[in-house]
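Novice:
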Amino acid sequence: MEDNPELSISSCPCLVSYESFTSEGSDYINRIPDDVLIDILDHFIGDVHIDHGSPSSPIGRYSLWVPLMLVCRRWNQIIPNTPRLWSFVDWVSKPACVRAVLSRSGQHLISQMRLWLPEDAGRKLKSEDWNDMPSAMQAVLAELPRVRHLSLSFASWYPHDPVSTIKHILQARASHLRSIHILKAYIPFHLVGTLTDELSELASTPIDFPQFTELYIGPDTFFPQALFHALARPTITHLTVHYSTSRYEPATVLEVLKRMPMLQYCELRTNSASLDPVIATRSSLDDVELPHLTSLSLLEEAWQGLSLLDHLIFPSSTQVKIKLTNFAGHIEMPSLRQILRRIRLLLFPSDAPLDTLEIMADGQDRHSACHRIDLLTLKCWDQTSPRHAYDDDTPSISPARLHIEVESGIFQPESVSLQHRSIEAAFLSELPLRGALSVRLICPTRDIEEHLHRLDSVESLTFCGDGRAFTDLFLTLVPSATHFSHAAESSDSSHCLLPRLRRLELHAVQDLSCCYPDDWSSFWNNLGKLLLMRRKYARAIGELSFRGFSRYLPAIDVAVFRQNVALVRVDDW
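Quick note: the sequence shown uses my numbering, first residue 1452, plus one each step.
1. Determine the closest residue to Leu1744 out of Leu1797, Tyr1699, Leu1808, with distance taken between C-alpha atoms.
2. Flag this pair as yes or no: are the beta carbons of Leu1708 and Val1739 separated by less than 8 Å?
3. Among the residues of its own chain, which have a CB less than 7 Å from the CB of Val1929, if the five just before and after it don't count?
4. Could you check if Leu1926 is buried or exposed, using at least 16 other CB atoms within 10 Å of its CB as the buried criterion?
5. Take the Cβ of Arg1891 as the centre, count every other Cβ of all protein chains shown within 10 Å, and call the residue buried at 16 or more, exposed below.
6. Based on the DSSP secondary-structure assignment, which residues constitute the bridge partners of Glu1858?
7. Per DSSP, Glu1809 forms a beta bridge with which residues?
8. Report buried or exposed for Thr1835, applying the criterion of at least 16 other Cβ atoms within 10 angstroms of its Cβ.
9. Does the beta-carbon of Glu1751 have 16 or more other beta-carbons within 10 angstroms, so that it is buried, or is it exposed?
10. Pick from Arg2020, Asp2008, Phe2012: whose alpha carbon is nearest that of Phe1997?
11. Please report how far the alpha carbon of Gln1715 lies from the alpha carbon of Arg1684, in whole angstroms.
12. Please name the residue in Val1960, His1904, Thr1922 whose C-alpha comes closest to that of Ser1973.
13. Pull up the distance between the alpha-carbon of Ser1758 and that of Ile1773, whole angstroms please.
14. Rounded to whole angstroms, what is the Cα-Cα separation between Ser1725 and Glu1649?
15. Between Thr1533 and the rest of its own chain, which residues show a CB-CB distance below 7 Å, the 5 nearest in sequence each way excluded?
16. For Thr1807 and Leu1906, I'd like the C-alpha separation in whole angstroms.
17. Sort Arg1954, Ala1991, Leu2004 by Cα distance to Tyr1967 and report the nearest one.
18. Taking the C-alpha atoms as reference points, what is the distance between Gln1770 and Leu1747?
19. Between Thr1616, Asn1977, Val1598, which has its C-alpha nearest Ser1604's C-alpha?
20. If you draw a straight line from the alpha carbon of Ile1633 to that of Ile1668, how long is it in whole angstroms?
21. Alpha carbon to alpha carbon, how far is Glu1856 from Leu1826? Give it in angstroms, no decimals.
22. Measuring only the C-alpha atoms, how far is Lys1635 from Ser1695?
23. Can you tell me where the beta strand (DSSP E) holding Arg1565 begins and where it ends?
24. Can you name, in chain order, every residue of its own chain whose Cβ lies under 6 Å from the Cβ of Asp1659, other than the five neighbours on each side?
25. Helix, strand or coil: which one does DSSP assign to Arg1998?
26. Less than 7 Å between C-beta atoms, sequence neighbours within five positions excluded: which residues of the same chain meet that for His1641?
27. Is the Cβ-Cβ distance between Leu1805 and Ala1877 less than 8 Å?
28. Do Trp1537 and Arg1555 have their beta-carbon atoms positioned less than 8 Å apart in this structure?
29. Going along the chain, which residues of its own chain have a beta-carbon closer than 7 Å to the beta-carbon of Ser1562, five neighbours each way excluded?
30. Going by alpha carbons, who is nearest to Lys1618 out of His1693, Thr1647, Ser1626?
31. Could you tell me if His1428 is buried or exposed, where buried requires 16 or more neighbouring beta carbons within 10 angstroms of its beta carbon?
32. Taking Gly1557 as the reference, give the member of Val1517, Asp1541, Arg1535 with the closest Cα.
33. How many angstroms separate the CA atom of Trp1516 from the CA atom of Val1522?
34. In three-state terms, what does DSSP make of Thr1533?
35. Using the Cα positions of Leu1519 and Arg1525, report the straight-line distance between them to the nearest angstrom.
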């Protein structure tokens, strides 16, 4: 029954009769009004089965209406005769079905149009259906003026000429078109020149997409730069592009971004890795200003992509995320510092101090002093969008203003951790740390004191590490009594590291019991000394939290901590 345009409830023997039940002295039983029922059905197909499925899954098929049409006679009359319920065109295996859907949709706007086929369509289709596909495609493309969202996929077995299809799309007066998603774009080599010539002829004719705001180019794409330029419209606000650094140089990407002055969300992903170092000297490319940008994501497999940041100008309120994968230690630190300095000046001017700084290292054998770090994460929030409110038991985490992730590659494992430490040092040296209110150190790669000596305003510290790291932390935070006179016992003493600290949260390393000593007495004694000395010679810590230490922390030590701390919490994972 699937994809059969002639199927209706009247042709099925198992009809479900719908009768209005009545009783003496009563009206007809209440039932959902037609307009409400149509809203429910439209949400079921349009939102659930189309918007929330993967592009390659068989969703949005018209056969989904078949069981619903069998519910009752009323549903059988409403579904096929309501154009709104047929306002999506999902290319299926039978061209006749597509034509039937276009006929049922009437003149209603088409919310979704997907022009792609399953990978095995060439083997499953009958010869007459395969031969009918080009004409059916022409009928579908003729309906572009009433399409809102268009998804395309061109593969080697595509039954229609991709050049003529692209040309038809660009020439259509799609006044309602809002987004184009190119999931796959394989243009055969012998057609690339033809497509470039066709697009050159259309260059003088502007594309009539007045509501076009979103462009997505998937990872499996291979098409000439001319198509990339043709789709770069000034009305675009959301851009997601997977591109290869071997085919699209930074100059090409910058030229495309320059054509999108209204851009608000930008995500750029590279598809090919390169071990070449970043060029240390700033190139002569013109800067591109994006005054409306709110989110910028760079997911790079090659360091060359970072050079884009050296030519972008965006507001200080922009959320920037940089993720570098397949990192093998090949980088020039002066170039990285230059790029980070530019980001810092754009995002964190002198009048916008940090709210939260988070440094997290993840990898194998985190308890080892010379371990290999697989992932280094650096995040920071400013005080206009803080990470969370610390007085709230159920805080809401806001996105970081600056988020940098560096993954290690499979080469030179001995030097990767050293390179991560260099990146961390460059990151910290370019940030305004003096005004930071909160710090989260999750298995930091550098000495603890180097992290904390510039953080005079910190009020909250979250720390995770092995036993040696905790011992270093306790000794670092303990104020020396010899540095204080009886008249100088104040919370603002310059002889105390983190003099304003009022909240300390300690996290254990999960599933690595060998990180900690067998004898915990000296471990907790050092912490008790810290709390006592902070209370006597500096500002007392008001809140102490433990996470993952419940089986190692005796109740007697908790009682000792409560003598010097107003609030002590012990939680497990």
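A virtual CB, placed ideally from N, CA and C, is assigned to each residue, including glycine.
Specialist: The short version:
1. Leu1797
2. Yes; because the gap between Cβ atoms is below 8 Å, this pair is in contact.
3. Lys1980, Leu1981, Met1984
4. exposed
5. It is buried - the Cβ of Arg1891 has at least 16 other Cβ atoms within 10 Å.
6. Leu1826
7. Lys1830, Arg1891
8. exposed
9. buried
10. Arg2020
11. 13 Å
12. Thr1922
13. 12 Å
14. Note that Ser1725 has pLDDT 48, beneath the 50 cutoff, so the model's placement of it is unreliable and the number below is only indicative. Their backbone Cα atoms lie some 33 Å apart in a straight line.
15. Ile1489
16. 11 Å
17. It is Leu2004.
18. 6 Å
19. It is Thr1616 whose Cα lies nearest to the Cα of Ser1604.
20. 5 Å
21. 7 Å
22. 14 Å
23. 1561 to 1566
24. Leaving aside the five residues that flank Asp1659 on each side, the residues in its chain whose CB is nearer than 6 Å to its CB run, in chain order, Arg1624.
25. strand
26. none
27. no
28. yes
29. Gly1497, Ser1538, Phe1539, Arg1599, His1600
30. Thr1647
31. Because the chain is modelled from 1452 through 2024, residue 1428 falls outside the range shown and cannot be assessed.
32. Arg1535
33. 10 Å
34. coil
35. 11 Å
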